[in-house]
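Just below is one structure, and these are the notes that go with it.
In my numbering, the protein residues as written are 3 to 774.
As structure tokens, then:
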């Protein structure tokens, strides 16, 4: 917590305390990552940037310098703090630092110091030693916020001090290094001249001008290298200025290619070396441009035929011993050898062109075989490297310079062990180790300008390969050739699939864009739906609120009236059902009575029919008695009327009775069907009655619940009234106390009581009128 409390010093209103706090934090944050993180997350960036702004940015005094030094301590080699600085949008606040203009009189010593530290702070964020993802993110932010554009303005401004201009060039270099977007912007920057010239051309003019300061020329070379780093588009634009079809015939404008060629063949060894390295970077990892550069033709002198650029480079190498200045001789030859090694590596066509000149191989073997001084050992090592490249990337298209013949030549003229020893001179050299450390050319003097950083990578890659190639037999070479062909076939297949994948990626990107548009539409629709749901909910809440407000006023009356209405409707329905049941019961009883009467009539008829049948049977069995029966029958016939005693009448009567019986049986059957139907209706009415009884029970239960709720609400109202009464009593007591203490109080209660008294008088008058 001590560091956190020290951070409060930066916000102290006393400037002396604040400034000493900055100095104290400078000492605490040196080489201490833990304290650096604590200070950064205690809002140090915000406070320090505020101080720098308040003090006038680059025009400020030594306080700005102290704040910038503290910011460097917090950010340098601290990826966590750098990421926090970027995500906190603090890079955007750096842009006003570089709004300096063209005021020649405004460059005080303190301003130069401040601006120098500000440029270094930008470089800390985009340093090549940072993680690639972090550097790329900062580069994008610097482009989008306009910081790169501001730096390019300083680059092209007049009256800028040399050290500030040099540091600005180095800063722009690292802001654009490896970023295609930033490199494209830098290619479009023009110097404010008449006619306007590209900034790259203006910078190259300074690089090949021996009157410019050495550190400035190194900075321009670094800027050119960063512009071409992983930038095939920029490489193509530079090489195209050298090709015959694009050279301006009028000669009115100077191109980058012309400046590089002029520097390559000038008498200044620094210009030779810088131009050679710049051209090597234009060819780096680009086989197509290596082949195109073979077309470049140079006019050496009037009347002589033009010479290819490759041939001219080898001519200068072979004539190096004629240069009087010993130091410049080595520097120029080293630069040209680095260019040739970069050009020929991984380009068999360029190797064939190089071997086509019969003087090149004897020159290389002669240089390697000689026992020269320590100064020439570096040149010998590079010659061995170039010869090894000519062997390894040889396609055996020239009969006299096939791989096997070159190996035999090495063994006879030099010796394989000596060749490998001379090849090892390169990586063992002190200048090689220095150049391999970081991309920026950093030489203490022009004499130390020997190796380029990217070339050290090439040496590391080729040294082991060439050693194996020299010791391989012809059979192994044949096998290797077969493997190479197979690999080329595989490469072709891979290239085909890469193209397919590229097409698929494009289609995928289009689909992603469509998905993004659909997602945006979906989000908009969801937002609309959410708003509508919210509005509906608001309306519901308002409705419920109004319902509650109305319910409080009419709760008591509405509940009773609703219950009474519901009970009235239900009792009316039940009474109707009871009446209908009684009617059906009465009908059923009548039908049952009729059925009983019919049954009794049927029994009577059955009985009479049985008796008549018995009489007939007895008369037939007693016929044998004859006389007695006839005499009795005659007696009976005399005593009974004629109409009743005749047998025809008896038969007719029996037939009628049978007809009546069938009719009665039919009616009986219909009555039974009617009784069954009525029984079914009785059952259904019973079920309706039971459901009505259950409905009545449910309604009674709801009624009891409603009555209970009414009772509870009455109880709550009574409780509220009691609480209000207690509250009124307390208020009255407190007012009385305040009155006793002499505090003036507006007696609102009196007004209320007066109004209430008037209401009571009105009520009494109304009651008197009613009595009258």
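Just so it is clear, CB atoms sit at the ideal spot from N, CA and C, and this is done for glycine as well.
**Study point:** Length of the line joining the Cα atoms of residue 232 and residue 496
**Key:** 21 Å
Review point. With DSSP run on the structure shown, which of helix, strand or coil describes residue 386?
Key: Residue 386 carries a helical assignment under DSSP once its states are collapsed to helix, strand and coil.
**Study point:** DSSP-derived helix/strand/coil call for residue 192
**Key:** strand
Review point. In terms of alpha-carbon separation, which member of 223, 298, 229 lies closest to residue 276?
Key: 223
Check your understanding: Rounded to whole angstroms, how far is the Cβ of residue 472 from the Cβ of residue 421, which I believe are closer than 8 Å?
Key -> 6 Å
**Study point:** When 140, 517, 119, 706 are compared against residue 88, the one with the closest alpha-carbon
**Key:** 140
Check your understanding: Do the segment 11-19 and the segment 78-94 meet, that is, are 3 or more Cβ pairs less than 8 Å apart?
Key -> No, the segment 11-19 is not in contact with the segment 78-94.
**Study point:** Stretch pair the segment 461-470 + the segment 425-445: three plus CB contacts closer than 8 Å
**Key:** yes
**Study point:** Classification of residue 297 by the beta-carbon crowding that lies within 10 angstroms, buried from 16 upward
**Key:** exposed
**Study point:** Beta-carbon proximity list for residue 583, same chain, < 8 Å, skipping 5 on both sides
**Key:** 687, 691
**Study point:** Distance, residue 676 Cα to residue 598 Cα
**Key:** 14 Å
Review point. Does residue 88 come within less than 8 Å of chain B when only Cβ atoms are used?
Key: The structure shown contains no chain B; it holds only a single protein chain.
Practice item. Report yes or no: do three or more beta-carbon pairs, one from the segment 157-173 and one from the segment 422-429, lie closer than 8 Å? Key: no
Exercise for review: Check the C-beta distance from residue 673 over to residue 590 and give it rounded, since I have them as a contact under 8 Å.
Suggested key: So it is not a contact: roughly 12 Å between Cβ atoms.
Review point. In its own chain, which residues sit with a C-beta less than 6 Å from the C-beta of residue 280, not counting the 5 before and 5 after it?
Key: 226, 262
Point to revise | Environment of residue 3 [buried if 16+ CB atoms lie within 10 Å] | key: exposed
Check your understanding: Between residue 142 and residue 183, is the Cβ-Cβ spacing less than 8 Å?
Key -> yes
Point to revise | Residues near residue 204 by beta carbon distance below 6 Å, same chain, minus five either side | key: If we look at residue 204 and ignore the five residues flanking it on each side, its Cβ neighbours are 193.
Exercise for review: Would you tell me roughly how many angstroms separate the C-alpha atoms of residue 762 and residue 720, rounded to the nearest one?
Suggested key: For residue 762, the pLDDT reaches just 45, beneath the cut-off of 50, and the residue's location in the model is therefore unreliable, although a value from the coordinates is still provided. So the alpha carbons of these two residues sit roughly 23 Å apart.
Review point. Buried or exposed: residue 587, going by 16 or more other Cβ atoms within 10 Å of its Cβ?
Key: exposed
Review point. Would DSSP call residue 533 helix, strand or coil?
Key: helix
Practice item. Take the Cβ of residue 179 as the centre, count every other Cβ of all protein chains shown within 10 Å, and call the residue buried at 16 or more, exposed below. Key: buried
Check your understanding: Cβ of residue 6 within 8 Å of Cβ of residue 40?
Key -> yes
Point to revise | For residue 706, the three-state DSSP class (helix, strand or coil) | key: helix
Review point. Assuming residue 123 contacts residue 72 under a Cβ cut-off of 8 Å, what Cβ separation, rounded to an integer in Å, is found between them?
Key: Actually they do not touch by this definition, with Cβ atoms about 11 Å apart.
Practice item. Check residue 628 in the structure and name its three-state DSSP category. Key: With a pLDDT of 39 at residue 628, under the threshold of 50, the predicted position of this residue should be treated as unreliable, though the coordinate-derived value follows. Reduced to three states, the DSSP call for residue 628 is coil.
Check your understanding: How about residue 2 and residue 666: do their beta carbons lie closer than 8 Å?
Key -> Only positions 3 to 774 of the chain appear in this structure, which leaves residue 2 out of reach.
Exercise for review: Round the Cβ separation of residue 358 and residue 400 to the nearest angstrom and send it over; I've been treating them as touching at under 8 Å.
Suggested key: 7 Å
Review point. Is it right to say residue 47 is buried, meaning 16 or more other beta carbons lie within 10 angstroms of its own, or is it exposed?
Key: Only buried fits residue 47, as 16 or more other CB atoms lie within 10 angstroms of its CB.
Check your understanding: Whose C-beta lies closer than 8 Å to the C-beta of residue 391 among residues of the same chain, with five residues either side of it excluded?
Key -> 343, 346, 347, 353, 464, 468
Point to revise | Limits of the alpha helix (DSSP H) - the one that residue 17 falls within | key: 17-31
Check your understanding: So which of 196, 703, 448 has the shortest CA-CA distance to residue 273?
Key -> 448
Check your understanding: Which whole-angstrom value is the C-beta distance of residue 286 and residue 451, which I expect to be below 8 Å?
Key -> Wrong, their Cβ atoms sit about 19 Å apart, outside the cutoff.
Review point. Which partner residues does residue 496 have in the DSSP bridge list?
Key: In the DSSP output, where bridge partners are listed per residue, residue 496 has none listed.
Review point. Is the Cβ-Cβ distance between residue 68 and residue 21 less than 8 Å?
Key: A Cβ-Cβ contact shorter than 8 Å links residue 68 with residue 21.
Check your understanding: Per DSSP, residue 200 forms a beta bridge with which residues?
Key -> 192
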